[in-house]
Amino acid sequence: MAFETLIVDVEDHVGLIRLNRPEALNALNFQLLEELGEALAEMEASPRVRAVIVTGSEKAFAAGADVKDMAPKGFVEMFTEDRFTPETEAILSCRKPIIAAVAGYCLGGGCELAMMCDFIIAADTAKFGQPEINLGIIPGMGGTQRLTRVVGKSKAMEMCLTGRFMDAAEAERAGLVSRVVPARDLMRDARETAGKIAEKSPLTARAVKEAVNRSYETTLREGLLFERRLFHALFASEDKAEGMAAFAEKRSPQFRGR
Ligand code: CAA
Numbered sequence: 021m022a023f024e025t026l027i028v029d030v031e032d033h034v035g036l037i038r039l040n041r042p043e044a045l046n047a048l049n050f051q052l053l054e055e056l057g058e059a060l061a062e063m064e065a066s067p068r069v070r071a072v073i074v075t076g077s078e079k080a081f082a083a084g085a086d087v088k089d090m091a092p093k094g095f096v097e098m099f100t101e102d103r104f105t106p107e108t109e110a111i112l113s114c115r116k117p118i119i120a121a122v123a124g125y126c127l128g129g130g131c132e133l134a135m136m137c138d139f140i141i142a143a144d145t146a147k148f149g150q151p152e153i154n155l156g157i158i159p160g161m162g163g164t165q166r167l168t169r170v171v172g173k174s175k176a177m178e179m180c181l182t183g184r185f186m187d188a189a190e191a192e193r194a195g196l197v198s199r200v201v202p203a204r205d206l207m208r209d210a211r212e213t214a215g216k217i218a219e220k221s222p223l224t225a226r227a228v229k230e231a232v233n234r235s236y237e238t239t240l241r242e243g244l245l246f247e248r249r250l251f252h253a254l255f256a257s258e259d260k261a262e263g264m265a266a267f268a269e270k271r272s273p274q275f276r277g278r
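Quick note, in this note's numbering, the sequence shown goes up one by one and the last residue is 278.
Below, the structure written as structure tokens:
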């Protein structure tokens, strides 16, 4: 499918989605969010895709929700037409691993979108922030909730109250990003990382994603039980037999997602 706000490509089992509204620093309007949901749904359905990268440009992953779209709207319109919720649900329902490869501005809804991905690899140029307070609003796609869970109350509160930006090094120290790489290496690194994931069993990768995400939703006791059930369930898979046989035979496993 052709998209107006995205550039989409699949290569070597890795789906690449590049946000593409350069005139607005990739601000997230509803069209972009809708197309992102559609692109991810296509990747979810495609057996060719085993891992996905979402990225932006060198200057901006995304500078937030589209302020120009929101400016004329009042409470009733935002409340009744709330399209952030369904569009972001589409993103969250993707069961394949999604990496956010972030360079430049990653602000407001952009930071919230990056946090919806499974992990973030940042270029050393990345700047993260929840500057909504400067517009007289608060984050509306999870910023007060996900950022707090990821970096803790003190830093999240400060970020949301002052609107200040966090550079890549601070984001790594705070646990917001998994790694920081030189900007010129960002896409190569993201592709290599996605490629490594694509070599694993897609069945097992899906289980990892479910189990880690569950840790955000439940108690430790329930989370451990959930993990154990998935751990046991994977012993019924052909990929488990292949993985263990390959180890014993000192060769690389050939996983088939069964
Ligand atoms: N929405 C719409 N357009 C945006 C935008 C946004 N979030 N961010 C940048 N743009 C547009 C600018 O209006 C400008 O367009 P024009 O040339 O037509 O004026 C173009 O992108 C380039 O931006 P700047 O000239 O401002 O670039 P800069 O390098 O001087 O500054 C910036 C970059 C610091 C990121 C600045 O653009 C900025 O502060 N952007 C807004 C950031 C923001 O407030 N984000 C939160 C949005 S609200 C939100 O996200 C709510 C939510 O949680 C769901």
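Every residue, glycine too, gets a C-beta built ideally from N, C-alpha and C.
Between the alpha carbons of Ala253 and Ala91 lies a gap of roughly 50 Å. Along the length of the segment 65 to 134, whole alpha helix (DSSP H) runs at least 4 residues long occupy 87 to 90, 95 to 100 and 104 to 112, reported in chain order. Two segments are said to touch when three or more pairs of C-beta atoms, one from each, lie closer than 8 Å; by this definition the segment 43 to 54 does not touch the segment 139 to 157.
Residue environment: Phe275 is assigned as buried (16 or more neighbouring CB atoms within 10 Å of its CB, all protein chains considered). As the crow flies, the alpha-carbon of Phe267 is around 10 Å from that of Ala261.
Cβ-Cβ distances below 6 Å link Gly163 to Glu132 and Gln150 in the same chain, with the five nearest sequence neighbours on each side left out; the list follows chain order. Pairwise C-beta distances place the segment 53 to 73 in contact with the segment 101 to 112, as three or more of them are shorter than 8 Å. Of the candidates Gly128, Gln165 and Gly172, the residue whose Cα lies closest to the Cα of Leu155 is Gly128. Here the residues close to the ligand CAA, judged by CB distance below 5 Å to any of its heavy atoms, are Ala44, Leu45, Ala47, Ala83, Gly84, Ala85, Asp86, Val87, Lys88, Tyr125, Leu127, Gly128, Gly129, Pro151, Glu152, Pro159, Gly160 and Met161 in chain order. Residue state for Lys147 is assigned as strand, using DSSP reduced to three classes. With a contact defined as Cβ atoms closer than 8 Å, Ile217 and Pro117 qualify at about 5 Å. By the neighbour-count definition (other C-beta atoms within 10 Å, threshold 16), Tyr125 is a buried residue.
The beta carbon of Cys137 sits closer than 7 Å to the beta carbons of Val74, Ile118, Ile119 and Ala120 from its chain, once the five residues preceding and following it are set aside; these are given in chain order. If you draw a straight line from the Cα of Glu242 to the Cα of Arg115, it comes to about 21 Å.
When DSSP assignments are scanned along the segment 182 to 252, the uninterrupted stretches of alpha helix (DSSP H) that are 4 or more residues long and fall wholly within it turn out to be 188 to 193, 206 to 219 and 222 to 234.
In this structure, the CA atom of Ser198 is about 14 Å from the CA atom of Ala123. Between Arg70 and Pro222, the beta carbon gap of about 5 Å places them in contact (Cβ cut-off 8 Å).
Measuring C-alpha to C-alpha distances from Phe104 to each of Gly130, Ser77 and Val228 identifies Gly130 as the nearest.
According to the DSSP assignment, Gly160 belongs to no beta strand (DSSP E), since it is labelled neither H nor E.
Look at Asp259 here: in three-state DSSP terms it is helix. Taking all protein chains shown into account, Ala22 has fewer than 16 neighbouring C-beta atoms within 10 Å of its C-beta and is therefore exposed. Spanning the alpha carbons of Gly277 and Glu258 requires a straight line of approximately 8 Å. About 12 Å separates the CB atoms of Leu45 and Ala85; that is not less than 8 Å, and the two are not in contact. The beta carbon of Thr213 is closer than 7 Å to those of Ile119 and Ile141 in its chain, skipping five residues each way along the sequence. When secondary structure is reduced to three states using DSSP, Glu58 falls in the helix class.
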